[in-house]
Amino acid sequence: MSLQKNDLAVIYGKDILAMTAQLLEAIDLTALIETKVAATGKGKGARIALKPNLVVARPASSGATTHPELVGAVIEYLKQNGFSNLAIVESAWVGDSTTRAYKVCGYEDLSRRFSIPLVDVKKDQYVAKKAGGITIEMSRQVLESDFLISFPVLKGHCQTNLTCALKNMKGCISDTSKRQFHSLGLHRPIALLNQVKAADLVLVDGICGDLDFEEGGNPVQMNRLIAGIDSVLIDRYAADLLGFEPEEVPYIGLAEQFGVGSADLSKANIRELNENQFEGTTVSSRKVDGLARSVVASEACSACYGSLIHALARLQEKGTDIRSLDKISIGQGFKGKTFSGIGIGSCTAGAGKYVKGCPPRAIDIMAFLEDQLR
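With my numbering, the residue at position 202 of the sequence shown is 202, and numbering never jumps.
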């Protein structure tokens, strides 16, 4: 099949290497790249950027990050078909180290095995791009690539409900822009980011994503890979898989409005390459919704919010009654303000009591909250 804008290809199983090989042959990745770069005259010398999701330094089995086997299988396919100008590009979330994520998640091994560079977007040069009245600092290496392959993890998110194709592009911008995105509410900036630069091919890692939030820790076996070239359509399909209505993930509709792609699943051509023998579930337990009932978030960054949710989850697992906690304030919206109650992170220094850090560690938040409950 020659992958078109309204096509989605899905393959099921547990053997990532075999699944990826079959999927790439089915979508004819070589033809996709050659068609995209034909006007440049670069041919097999085209610069190809591979963008996994390594938001935190946790192995893929945690449900947070992209399986290195998936990216490795794509690299092997590309090299076998004459493409050698490759680079892996990524940026961990604010407050974490991309270098550490590359090591912990198995990408240093990939780099050595295939002799391809690991680009830390945090250390890259940026190009300021304007969209919808905001300025976005984009990675120069990503912008100047001839073909961008995105490898998002199909998983939940503590603030946007879903993170997949569109949101994975957030790892291609500076930490300054990431903070700005959170101050603007995430959804519109994510949609505009994809108007500036969207992936040319999306290969979704739907093996064992955490269906509740992006930091992992509660993986759910889904045993599938999904391929498509329309990031909006991919995310609309992903939202359905996780049980979210379109309006529950606003950036999907916004991206469609901005001309990034189509969210109309009725016009999608969904081709399943083999039989789905999976007997589990892909519906989020909405665990985060329950944990966040006592949280008042205002422009909260993912790293800080994720640490808080992680801490609340661990407290709940220990049998702590978190329902008796006072309202917990978090986010840049509290910076410079004086208010009563408890706060999480340096932005809430004006609270009566708060946890220091940008972002604070989950273990420190746990200790702080346990102290409040005594």
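The beta carbon of each residue, even a glycine, is placed where N, CA and C say it ideally should be. Model, not experiment: these values are computed from the prediction.
Terminal residues of the continuous alpha helix (DSSP H) containing Glu317?
The residue given as residue 317 occupies position 317 in the sequence shown. Per DSSP, Glu317 belongs to the alpha helix (DSSP H) from Ser302 to Glu317.
Distance CB(Leu50)-CB(Val37) smaller than 8 Å
Reading the sequence shown from its first residue, position 50 is the one you call residue 50. Reading the sequence shown from its first residue, position 37 is the one you call residue 37. No; because the gap between Cβ atoms is not below 8 Å, this pair is not in contact.
Using the Cα positions of Val196 and Gln125, report the straight-line distance between them to the nearest angstrom.
Residue 196 sits at position 196 when you count from the first residue of the sequence shown. Residue 125 sits at position 125 when you count from the first residue of the sequence shown. Straight-line spacing of the CA atoms in Val196 and Gln125 works out to 17 Å.
Ranges of the beta strand (DSSP E) found wholly within the region 87-145, counting only runs of at least 3
Within the region 87-145, the complete beta strand (DSSP E) runs of at least 3 residues are 118-120, 126-131 and 134-139.
Measuring straight from C-alpha to C-alpha, what distance separates Asp230 and Phe368?
Within the sequence shown, numbered from 1, the residue matching residue 230 stands at position 230. Within the sequence shown, numbered from 1, the residue matching residue 368 stands at position 368. Distance between the alpha carbons of Asp230 and Phe368 is about 44 Å.
Just to confirm my understanding: we take Leu8, look at its own chain, exclude 5 residues before and 5 after, and list those with CB closer than 8 Å. What are they?
Mapped onto the sequence shown, residue 8 falls at position 8. Once the five neighbours on either side are set aside, the close Cβ partners of Leu8 are Ile226, Ala227, Gly228, Leu233, Ile234, Tyr237, Ala268, Asn269, Ile270 and Arg271.
Considering only their Cβ atoms, is the gap separating Arg224 from Ile11 smaller than 8 Å?
If you number the sequence shown from 1, residue 11 lands on position 11. If you number the sequence shown from 1, residue 224 lands on position 224. Contact: yes.
Tell me whether the region 202-217 and the region 169-188 touch, counting them as touching only if at least three CB pairs, one residue from each stretch, are closer than 8 Å.
Contact between the region 202-217 and the region 169-188 is absent: fewer than 3 CB-CB pairs across the two stretches fall below 8 Å.
Per DSSP, what kind of secondary structure is Leu50 in: helix, strand or coil?
Counting from 1 along the sequence shown, the entry for residue 50 is found at position 50. Look at Leu50 here: in three-state DSSP terms it is strand.
The beta strand (DSSP E) that contains Leu166, what's its start and end?
Here residue 166 is taken as the residue at index 166 of the sequence shown, counted from 1. From DSSP, Leu166 is part of no beta strand (DSSP E) but of the alpha helix (DSSP H) over Ala165 to Asn168.
With a cut-off of 8 Å, do at least 3 Cβ pairs link the region 51-70 to the region 258-268?
The answer is no - the region 258-268 does not touch the region 51-70, with fewer than three Cβ pairs under 8 Å.
With a threshold of 16 other CB atoms inside 10 Å of the CB of Cys158, please say whether the residue is buried or exposed.
Along the sequence shown, one-based indexing puts residue 158 at 158. So Cys158 ends up on the buried side.
What are the boundary residues of the alpha helix (DSSP H) that Ser177 is part of?
Here residue 177 corresponds to residue number 177 of the sequence shown, with the count starting at 1. Element bounds for Ser177: Asp175 to Ser183.
With H, G and I counted as helix, E and B as strand and the rest as coil, what does DSSP make of Asn274?
Along the sequence shown, read from residue 1 onward, the residue named residue 274 stands at position 274. In the structure shown, Asn274 sits in coil (DSSP, three-state: anything other than H, G, I, E or B).
Does DSSP classify Pro360 as helix, strand or coil?
In the sequence shown, counting from the first residue as 1, residue 360 sits at position 360. Pro360 sits in coil when the DSSP states are folded into three classes, being neither helix nor strand.
Going by beta-carbon coordinates alone, are Leu192 and Ala131 separated by less than 8 Å?
For the purposes of this step, residue 192 is identified with residue 192 of the sequence shown, where counting begins at 1. For the purposes of this step, residue 131 is identified with residue 131 of the sequence shown, where counting begins at 1. Taking 8 Å as the Cβ cut-off, Leu192 and Ala131 qualify as a contacting pair.
Contact the region 29-45 vs the region 72-91: 3+ CB pairs below 8 Å:
Touching, yes.
Does the region 336-349 come close enough to the region 287-294 to have 3 or more Cβ pairs within less than 8 Å?
Using a C-beta cut-off of 8 Å, the region 336-349 makes no contact with the region 287-294, since fewer than three inter-stretch Cβ pairs fall below that distance.
Using a threshold of 8 Å, state whether the C-beta atoms of Ala362 and Ile330 are closer than that.
Within the sequence shown, the letter at position 362 stands for residue 362. Within the sequence shown, the letter at position 330 stands for residue 330. Cβ distance not < 8 Å, so Ala362 and Ile330 don't count as in contact.
Helix, strand or coil: which one does DSSP assign to His157?
Counting from one through the sequence shown, the residue named residue 157 turns up at place 157. His157 falls in the strand class under three-state DSSP.
Spatial distance of Ser111 from Glu76 (CA atoms)
Reading the sequence shown from its first residue, position 111 is the one you call residue 111. Reading the sequence shown from its first residue, position 76 is the one you call residue 76. Their backbone Cα atoms lie some 12 Å apart in a straight line.
My output table needs one value for Ala64: the three-state DSSP class, helix, strand or coil.
Taking the sequence shown and counting its residues from 1, one reaches residue 64 at position 64. Note: Ala64 maps to coil in three-state DSSP.
Residues that DSSP places opposite Arg224 in a beta bridge:
Indexing the sequence shown from 1 puts residue 224 at position 224. Paired residue(s): Tyr12 and Gly206.
Less than 8 Å between the CB atoms is what I'm expecting for Leu380 and Ser294, so what's the real figure, rounded?
Because the chain is modelled from 1 through 374, residue 380 falls outside the range shown and cannot be assessed.
Which of the three DSSP states is assigned to Ser298 in this structure?
Mapped onto the sequence shown, residue 298 falls at position 298. When DSSP states are grouped into helix, strand and coil, Ser298 belongs to the coil group.
Please give the ranges of any alpha helix (DSSP H) in the region 225-267, keeping only runs that are unbroken, at least 4 residues long and fully inside the region.
Every unbroken stretch of the alpha helix (DSSP H) spanning 4 or more residues and falling wholly within the region 225-267 is given here in chain order: 231-241 and 250-257.
With distances taken Cα to Cα, identify the nearest neighbour of Met138 among Lys123, Glu247 and Thr160.
One-based indexing of the sequence shown puts residue 138 at position 138. The shortest Cα separation from Met138 among Lys123, Glu247 and Thr160 belongs to Lys123.
Looking only at its chain, what residues have a beta carbon closer than 7 Å to the beta carbon of Ala31, apart from the 5 residues adjacent to it on each side?
Here the question's residue 31 lines up with position 31 in the sequence shown. Taken in chain order, the residues that qualify are Ser2.
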